[in-house]
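Student: Protein chains in written order, with my numbering: chain A, 189 to 540; chain B, 189 to 540. Built from N, CA and C at the ideal position, the CB exists for glycine as well. I have a structure here, written as structure tokens, and I will follow up with some questions on it.
What follows is the structure in structure tokens.
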């Protein structure tokens with residue numbers, strides 16, 4: 189594959205990201221040099237995707253620490269506690285952000301005693317989060333590729349690709365693996381209103397990599413699946429409960445219902461860092477309600493009548509019984525998910 | 189209710205319609221004085237909705253006949269045969285258009301012998317199509333109201349309201365009836381990409397009538413329904429096969445799957461003129477594939493990368509086993525639909 193622009197990169201003490209709000213019209217690189225800029229980038233979805241948010245949030249801690257020169261180790265740890273909340277809470281549904289922020293702060297604070305060491309440990313651990321994510325993507329791609337060996341037409345929703353991770357993506361990683369293996373492949377990408385991550389981002393990154401991709405309105409996926417033209421579905425995840433219930437971009441559960449009706453597999457691809465073992469089921473997952481303007485307006489153009497109400501939940505929960513398997517970096521998890529997930533978390537913990 | 193602008197009207201030898209492509213930003217009335225203008229209005233969806241297309245197509249025959257002054261009865265009937273194809277085939281999926289055009293031409297040609305009588309009979313029959321549609325809407329509203337008496341939050345898709353008929357709508361007719369009865373009511377309207385008939389038209393006409401309406405992205409309906417917040421679904425239809433399989437706006441079948449999963453009723457509301465008894469099942473319904481630009485662009489703004497493919501089927505087929513009941517002007521039809529539909533067609537024929 190050709191040399192692709194990295195969606196997230198650490199360069200000389202700052203973070204560089206592709207501003208995803210401008211894709212596909214413009215490929216613009218933004219430099220993040222303050223915690224406020226990082227939170228703003230998260231908030232307006234210049235960077236998004238649960239695993240990418242983990243790596244980005246971790247690196248943003250370094251930027252946030254550098255920004256306010258601390259004179260003592262104690263002052264630096266107090267600053268990190270501010271950043272833990274400020275950056276860790278920037279979006280509520282993706283667990284990876286909070287997970288990475290906690291991990292990097294806790295590791296750096298507990299393993300060092302001087303200011304210099306703290307900063308070094310913080311950066312090293314943040315880069316490790318990104319590297320581990322890239323490695324997880326690689327392994328998810330390999331495992332997903334095995335599962336999807338005979339699938340030609342594959343449906344996906346939103347964007348769980350290079351633009352959503354620090355590597356080759358989660359749901360899209362097997363597509364890249366299939367393409368590299370020279371297997372026939374056609375990806376159906378639902379456009380993913382309101383913010384069109386499918387039409388804008390998945391279409392852009394797959395096309396950029398030379399993979400055949402067709403964009404459909406969200407509403408057109410179900411009948412396409414029911415017509416028998418789709419071999420499998422694979423989507424990412426923003427948060428997975430201990431029983432396998434999976435929060436992902438709004439609309440995912442409709443695709444899962446169509447997949448079950450058509451009798452095709454419905455795979456979730458996510459690193460184990462996406463699993464929130466503290467949540468017994470999807471009922472406990474907090475669903476972010478985003479601003480109504482995203483529904484009232486499309487790309488800045490008003491489409492609803494003035495004065496009419498809208499609802500704009502950012503995620504939905506797909507119940508575990510609609511999920512064929514969860515593809516993680518430590519293996520392919522199947523029902524009963526309560527057991528396979530607990531086992532995967534043990535193995536993931538052991539490998540770190 | 190306040191005095192509402194009629195979406196379709198016969199005024200002094202021409203047709204006046206609301207140009208629905210401009211709603212909700214602008215309420216513009218367009219005059220249709222030629223067959224070409226009529227077909228263009230159908231083609232660009234200035235007028236849409238299966239029952240409205242029936243009434244409009246019927247009236248467009250009069251306009252098309254007047255436009256080319258025929259000197260003899262024979263010349264006029266030949267002109268009508270041209271118009272039968274030209275207007276009747278303007279859109280393939282909605283059966284009402286072809287049905288109304290055939291009915292009006294066949295009645296006028298077979299019941300008259302002079303040019304003047306032919307023209308009079310054509311207009312009278314076309315107006316009768318519109319009046320009968322309004323009466324059918326009224327009855328569908330009454331029957332639907334009975335079924336939805338205890339429902340407060342009701343989901344719908346696309347627009348099957350005043351803007352889609354020559355009356356109070358099909359799926360929306362019970363909403364108007366509930367509102368008039370002073371019953372609590374909250375309508376959830378899916379925005380209906382690609383052309384946003386829900387966000388633009390259903391939201392506009394319900395809000396215009398003072399009914400509480402909330403617009404959701406298509407992808408947000410399933411989880412809302414699964415959360416237990418919706419009491420019932422009601423949608424219109426573009427074509428119903430003899431076994432009850434129903435073609436309606438793309439996305440309808442996804443809503444039907446969610447409704448079944450949530451255990452709430454899923455009603456189809458349509459006049460018997462929407463039933464195509466010649467089709468044994470939904471497999472025989474031709475699905476219109478519309479221009480890809482509707483997916484590539486939203487309200488004129490490009491959202492997909494250049495060179496990427498799109499699919500844009502305008503309708504999908506909801507299998508009859510997902511439909512709780514079909515509400516027609518001659519009664520509420522339930523499974524086995526093969527029987528109830530055949531019976532309804534007999535009764536509809538008898539009442540004409």
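Determine, for residue 198 of chain B, whether the minimum Cβ-Cβ distance to residues of chain A falls below 8 Å.
Tutor: Chain A, which has no Cβ nearer than 8 Å to the Cβ of residue 198 of chain B, makes this no.
Student: List the residues of chain B that residue 481 of chain A touches, going by C-beta distances under 8 Å, in chain order.
Tutor: Ordered by position in chain B, no residue passes the 8 Å Cβ test against residue 481 of chain A, which lies about 12 Å from the chain.
Student: Counting only Cβ pairs nearer than 9 Å, list the residues of chain B close to residue 335 of chain A.
Tutor: Within 9 Å Cβ-Cβ: nothing; residue 335 of chain A doesn't reach chain B, min ~24 Å.
Student: Measure the CB-CB distance between residue 281 of chain A and residue 438 of chain A and report whether it falls below 8 Å.
Tutor: Contact flag unset, no.
Student: Buried or exposed, going by whether 16 or more other CB atoms sit within 10 Å of the CB of residue 369 of chain B?
Tutor: Residue 369 of chain B comes out exposed.
Student: Who are residue 244 of chain B's beta bridge partners in DSSP?
Tutor: According to DSSP, residue 244 of chain B bridges with nothing at all.
Student: If you reduce the DSSP assignment to three classes, tell me which class residue 211 of chain B lands in.
Tutor: Of the three classes helix, strand and coil, the one that applies to residue 211 of chain B here is coil, per DSSP.
Student: Which runs of the beta strand (DSSP E) spanning at least 3 residues fall entirely within the stretch 505-532 of chain A, listed in chain order?
Tutor: Qualifying beta strand (DSSP E) stretches, in chain order: 513-516, 519-521.
Student: Among A/218, A/457, A/376, A/262, which has the Cα closest to the Cα of residue 512 of chain A?
Tutor: Residue A/457 is the option with its Cα nearest to residue 512 of chain A.
Student: Where do the N-terminal and C-terminal ends of the alpha helix (DSSP H) with residue 443 of chain B fall, by residue?
Tutor: Per DSSP, residue 443 of chain B belongs to the alpha helix (DSSP H) from 440-450.
Student: Whole angstroms are fine: how far does the CA of residue 462 of chain A sit from the CA of residue 321 of chain A?
Tutor: Roughly 11 Å separates the two Cα atoms.
Student: If you follow the alpha helix (DSSP H) that residue 312 of chain B is in, where does it begin and where does it stop?
Tutor: Run containing residue 312 of chain B: 303-335, per the alpha helix (DSSP H) assignment.
Student: For chain B, is any of its Cβ atoms less than 8 Å away from the one on residue 297 of chain A?
Tutor: Output row for residue 297 of chain A: interface = no.
Student: Taking only the alpha-carbon atoms, compute the straight-line gap between residue 305 of chain A and residue 228 of chain A and give it to the nearest angstrom.
Tutor: Spanning the two alpha carbons is a distance of roughly 28 Å.
Student: Determine whether the Cβ of residue 498 of chain A lies closer than 8 Å to any Cβ atom of chain B.
Tutor: Yes, residue 498 of chain A counts as interfacial toward chain B.
Student: Can you check DSSP and say which residues form a bridge with residue 464 of chain A?
Tutor: For residue 464 of chain A, which the question treats as bridged, DSSP gives the partners A/429.
Student: Give me the Cα-Cα distance between residue 359 of chain B and residue 500 of chain A, rounded to the nearest whole angstrom.
Tutor: Taking the straight line from one Cα to the other gives about 24 Å.
Student: Using the rule of at least 16 other Cβ atoms within 10 Å of the residue's Cβ for burial, across every protein chain shown, is residue 256 of chain A buried or exposed?
Tutor: By the 10 Å Cβ count, residue 256 of chain A comes out exposed.
Student: Cα separation between residue 204 of chain A and residue 221 of chain A?
Tutor: If I take the Cα positions, the gap works out to 9 Å.
Student: Looking at the unbroken beta strand (DSSP E) that takes in residue 436 of chain B, where does it start and where does it end?
Tutor: That run of the beta strand (DSSP E) goes 434-437.
Student: In angstroms, rounded to a whole number, what distance separates the CA positions of residue 311 of chain A and residue 506 of chain B?
Tutor: Each residue's alpha carbon lies about 54 Å from the other.
Student: What does residue 476 of chain B reach in chain A if we use C-beta pairs closer than 8 Å?
Tutor: Within chain A, no residue comes near residue 476 of chain B; the closest Cβ sits about 12 Å away, beyond 8 Å.
Student: Considering just the uninterrupted stretch of the alpha helix (DSSP H) at residue 404 of chain A, what are its terminal residues?
Tutor: Here residue 404 of chain A belongs to no alpha helix (DSSP H); instead the beta strand (DSSP E) covers 401-404.
Student: On a CA-only basis, which of A/264, A/196, A/215, A/198 is nearest residue 396 of chain A? Give me that one, please.
Tutor: Of the candidates A/264, A/196, A/215, A/198, the one whose C-alpha sits nearest the C-alpha of residue 396 of chain A is A/215.
Student: Using 8 Å as the limit for Cβ to Cβ distance, is residue 486 of chain B near chain A?
Tutor: It does; some Cβ of chain A falls within 8 Å.
Student: So residue 273 of chain A is in the alpha helix (DSSP H); what residue range does that whole segment cover?
Tutor: Residues 261-276.
Student: So, helix, strand or coil for residue 280 of chain A, using DSSP?
Tutor: Looking at residue 280 of chain A - three-state DSSP - the assignment turns out to be coil, as it is neither helix nor strand.
Student: Buried or exposed: residue 418 of chain B, going by 16 or more other Cβ atoms within 10 Å of its Cβ?
Tutor: Residue 418 of chain B comes out buried.
Student: Would you give the residue range spanned by the alpha helix (DSSP H) that residue 344 of chain B belongs to?
Tutor: Unbroken run through residue 344 of chain B is the beta strand (DSSP E), 341-344; no alpha helix (DSSP H).
Student: Note down, in chain order, every chain A residue with its Cβ under 8 Å from the Cβ of residue 405 of chain B.
Tutor: The contacting residues are 381, 382, 406, 438, 439, 483, 500.
Student: So, with DSSP's three-state summary, where would you put residue 235 of chain B?
Tutor: Note: residue 235 of chain B maps to coil in three-state DSSP.
Student: According to DSSP, simplified to helix, strand and coil, what is residue 477 of chain B?
Tutor: Residue 477 of chain B falls in the strand class under three-state DSSP.
Student: Using a Cβ-Cβ distance under 8 Å, would residue 495 of chain A count as near chain B?
Tutor: True, the Cβ-Cβ gap to chain B drops below 8 Å.
Student: According to DSSP, is residue 459 of chain A part of a helix, a strand, or is it coil?
Tutor: In the structure shown, residue 459 of chain A sits in coil (DSSP, three-state: anything other than H, G, I, E or B).
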